[in-house]
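**Q**
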Amino acid sequence: MIEKIVQRASLGLIAIAGGLLIWFFWTIFAPIKVIDVVTQPAEISATTIKAGDSIFYTVDYCKYLPIKAEVIRQLVNSTTIPLEEYDSNAEAGGCHYGVKAKPSIIPSYVGPGEYHLQIHYLYRPYPWRTIDYSFDTEFFKVVE
Numbered sequence: 002m003i004e005k006i007v008q009r010a011s012l013g014l015i016a017i018a019g020g021l022l023i024w025f026f027w028t029i030f031a032p033i034k035v036i037d038v039v040t041q042p043a044e045i046s047a048t049t050i051k052a053g054d055s056i057f058y059t060v061d062y063c064k065y066l067p068i069k070a071e072v073i074r075q076l077v078n079s080t081t082i083p084l085e086e087y088d089s090n091a092e093a094g095g096c097h098y099g100v101k102a103k104p105s106i107i108p109s110y111v112g113p114g115e116y117h118l119q120i121h122y123l124y125r126p127y128p129w130r131t132i133d134y135s136f137d138t139e140f141f142k143v144v145e
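Each residue of the sequence shown is one higher than the last, beginning at 2 in the working numbering.
1. Within its chain, find whatever has a CB closer than 6 Å to the CB of Y134; leave out the 5 residues flanking it on each side and keep chain order.
2. Are the CB atoms of Y58 and H97 within a distance shorter than 8 Å?
3. Quick one, which of W24, I15, G99, I132 has its alpha-carbon nearest V39's?
4. Can you list the beta strand (DSSP E) stretches of 3 or more residues lying completely in the stretch 7-58, in chain order?
5. Do you know offhand how far Q119's Cα is from S46's?
6. From what residue to what residue does the beta strand (DSSP E) around L123 run?
7. For my contact list, I56 and I107 are in at a C-beta cut-off of 8 Å; report their separation, rounded to the angstrom.
8. Going by DSSP, what residue range makes up the beta strand (DSSP E) through G95?
9. Excluding the 5 residues flanking I50 on each side, which residues of the same chain have their C-beta closer than 7 Å to its C-beta?
10. Apart from the five residues on each side of it in sequence, which residues of its chain come closer than 6 Å, Cβ to Cβ, to D117?
11. In chain order, which continuous runs of the beta strand (DSSP E) of length 3 or greater are located wholly inside the stretch 57-88?
12. Tell me the DSSP bridge mates of K142?
13. Report buried or exposed for S105, applying the criterion of at least 16 other Cβ atoms within 10 angstroms of its Cβ.
14. Reducing DSSP to helix, strand and coil, say where I132 ends up.
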C-alpha cells in the first residue's frame, strides 16, 4: 500500500516537473507580439537642427500587450552616440497614429553632418526574456 502511494506521488511530481519545464521553454521560445511600428522610417520634426537642441519623432504603432518598455535611442551616422534612455508605457489595445515621442536632445559636442535616430524598445514579458523592437527615423542634418 505505501509503495503504491510513493509510486503515484513520484509520478505526480515527475508530471508536474515536466509541465513546468514545457511551460518555461514555451516562455523562452514562443513568439510574442508586443508592438508593430507601422510607418518606417519614423517622421522627424525638423530636417535641420542645431547641436544642443531637441528633436522629436512621430511614430505610428499598434500595441498588443500592456508591457512597459525600456527605450534606448542612439544618434547614428558613421559613429553611434547613445542618447538618454527612459521607460515608456505606451497605450495598448489597438493602433495609434501620429504619436509624438519624448524629445531627444542632440548633444552639444556632436559635429555637423547627416544623422538619424535608431530607437530600440526593449520589452520584458518575463524576467528571463527580452524582446527588442527597433526602428530608425528619417535623416536630418545637424549644424553648428
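Where is the CB? At the ideal position from N, CA and C, for every residue including glycine.
**A** The answer reads as follows:
1. Cβ neighbours of Y134 beyond the five flanking positions: I36, Y122.
2. no
3. G99
4. 36-38, 49-51
5. 15 Å
6. 114-127
7. 6 Å
8. 95-101
9. I56, I107, F141, V143
10. Looking at the sequence itself, residue 117 is His, so the reference to Asp does not match. Closer than 6 Å at Cβ, skipping near neighbours: V77, D137, T138, F140.
11. 58-64, 70-77, 81-83
12. T49, E115.
13. buried
14. strand
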